[in-house]
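Novice: Throughout, the numbering used here is defined as the position within the sequence shown, counted from one, plus 1411.
Beta carbons: idealized from backbone N, C-alpha and C, even for Gly.
Mind having a look at this structure? Questions to follow.
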Amino acid sequence: ARAWLRRIRGILRRHGYLIVRSPTRIISMMYYPTVTMVVWGFVTLYLAPTNNFLRDAPGYFIGAVLLWDLLFRGQLGVSLTFIEEFYARNLGNLFVSPLTLPEYIAGQLTISLFRTLIGVGGACLFAFLAFHYSIFSIGLPLAAFFANLVVFGWGIGLAMSGMILRLGLGAEELAWAAVFILAPISGVYYPIGVLPAWMQAIASAIPSAHVFEGMRSVLIEGIFRWDQFWIACALDALYLALGATVFAWAMHDARNRGTLLQMGE
C-alpha cells in the first residue's frame, strides 16, 4: 500500500508543481468559468426586473454556469493531464516504471479534482464579490451535484484520453469539444421537458441531465430529488467504468503496436 501511495504521489507532485509554479496556468483555469459567469450574471441583472422567475431564483443562471463548469473542468483536468505527458514525451518513462495503469488513473483523477477546485473556486469567489451570490447557498445538495458532475467528467476525460492515445495528437480537439455536444441535452439553462421526445430519451441516459433537473428542483421548489440523484449516481458509475475501459484498451493497443515510445508533439 505504501508503494502504491508513493507512486501516486509522484504523479501528483509532477503536475502539482506545474500548476502552483505557473501563475498563467492558474489564471487560465479561472478565466473561462469567470467570464461565462460574469456574462450570465449581467443577463440576470438585466432580465430580473421584468421576470418573476428570476426574481424568485436570482442565482439560477449563475448557479447553472458554475455547475456546468464543474463537468467541463472535471473532464478537461483528466484530458489535459494526459496531453501534457504527450507533449513532454513522458509516456514511455511513466510506463516503464513500476507505475500501474490504475495508479496513473488515480493520479489523473486527483489532479483533475485539484484543477476543478482552482478553476471553479475562482469563479465562485468572483460571483460573490460581483453579484453577492454564493453557490453554497444551495446547501448540502451542492455536494451531490458536485460529485455527480465531476465523476461524469472523469469518465468522459478518460475516454477522450484513450481516443487521443489511439489517434494521436491530431485528435487533441476532442478534449475541448467532447463535453459541449452534451450541453443541449443536459438542460443546463432550461428544463429537459422543452426538448423533443427523442432528445428527452437521450437526455435520460446522461447523468448531467438528472443533475440539472435536480438543481432546478432545489432552487425553485426547495425539494431535493432523490430519484434524480440515484439515477445520476448509477449512470456515473457506468460512464466512469466505460471511460476507464476505453483508456485501458487504448494503452494496451499502443503497447502492442510499439507506439507508446514514439508518441509526442
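So, under 8 Å CB-CB, Ala1517 and Ile1419 are touching, yes? Tell me the CB distance rounded to an integer number of Å.
Specialist: 5 Å
Novice: Would DSSP call Ile1473 helix, strand or coil?
Specialist: helix
Novice: Determine, using beta carbons only, whether Tyr1448 and Val1476 come nearer to each other than 8 Å.
Specialist: In the sequence under discussion, the amino acid at residue 1448 is Met, which differs from the Tyr named in the question. Yes, the pair counts as a contact, with Cβ atoms nearer than the cut-off.
Novice: Measuring straight from C-alpha to C-alpha, what distance separates Ile1549 and Gly1579?
Specialist: 42 Å
Novice: Output the boundary residues of the alpha helix (DSSP H) element that contains Glu1514.
Specialist: 1512-1542
Novice: Buried or exposed, going by whether 16 or more other CB atoms sit within 10 Å of the CB of Leu1463?
Specialist: Residue identity differs from the one stated: residue 1463 is Asn in this sequence, not Leu. By the neighbour-count rule (16 or more Cβ atoms within 10 Å), Asn1463 is not buried but exposed.
Novice: Between the Cα of Gly1568 and those of Leu1551, Ala1645, Val1489, His1663, spot the shortest distance and give me the residue it belongs to.
Specialist: Val1489
Novice: Is it buried or exposed, His1621, if we count other Cβ atoms within 10 angstroms and call 16 or more buried?
Specialist: buried
Novice: Less than 8 Å separating the beta-carbons of Gly1566 and Leu1653?
Specialist: yes
Novice: Kindly indicate which three-state DSSP category Tyr1428 falls into: helix, strand or coil?
Specialist: helix
Novice: Under 8 Å Cβ to Cβ from Trp1660, same chain only, skipping five residues before and after it: list those, please.
Specialist: Once the five neighbours on either side are set aside, the close Cβ partners of Trp1660 are Gly1573.
Novice: Would the beta-carbon of Gly1669 be found less than 7 Å away from any heavy atom of the ligand NAD?
Specialist: This structure simply doesn't include the ligand NAD, nor any ligand for that matter.
Novice: Would you check if there are 3 or more beta carbon pairs closer than 8 Å linking the stretch 1426-1438 to the stretch 1524-1531?
Specialist: yes
Novice: When you compare the CB positions of Arg1636 and Pro1602, do they come within less than 8 Å of one another, or not?
Specialist: no
Novice: Beta carbon of Asn1559, beta carbon of Asp1647: below 8 Å?
Specialist: Going by C-beta atoms, Asn1559 is nearer than 8 Å to Asp1647.
Novice: Alpha helix (DSSP H) containing Tyr1442: first to last residue?
Specialist: 1434-1458
Novice: Can you tell me whether DSSP reads Asn1463 as helix, strand or coil?
Specialist: helix
Novice: Is Phe1472 closer than 8 Å to Thr1455 when the C-beta atoms are compared?
Specialist: Yes, Cβ-Cβ distance for Thr1455 and Phe1472 is below 8 Å.
Novice: Between which two residues does the alpha helix (DSSP H) containing Arg1500 stretch?
Specialist: Careful: Arg1500 lies outside any alpha helix (DSSP H) and carries neither H nor E.
Novice: With 16 as the cutoff for other CB atoms within 10 Å, does Tyr1442 come out buried or exposed?
Specialist: exposed
Novice: So, for Leu1593: in the same chain, excluding its five sequence neighbours on each side, which residues have a beta-carbon less than 7 Å away from its beta-carbon?
Specialist: Ile1617, Ser1619
Novice: Give the DSSP-derived three-state secondary structure of Leu1606 in the structure shown.
Specialist: coil
Novice: Would you report the Cα separation of Glu1555 and Cys1644, rounded to the nearest angstrom?
Specialist: Correcting the residue identity first, residue 1555 is Ala in this sequence and not Glu. So the alpha carbons of these two residues sit roughly 9 Å apart.
Novice: Where does Ser1628 sit, in a helix, a strand or coil, going by DSSP?
Specialist: helix
Novice: Please go through the same chain and pick out, in chain order, the residues whose beta-carbon is closer than 7 Å to the beta-carbon of Thr1492, but skip the five residues on each side of it.
Specialist: The beta carbon of Thr1492 lies closer than 7 Å to those of His1426, Gln1519, Ile1522, Ser1523 in the same chain, with the five residues before and after it left out.
Novice: Per DSSP, what kind of secondary structure is Pro1595 in: helix, strand or coil?
Specialist: helix
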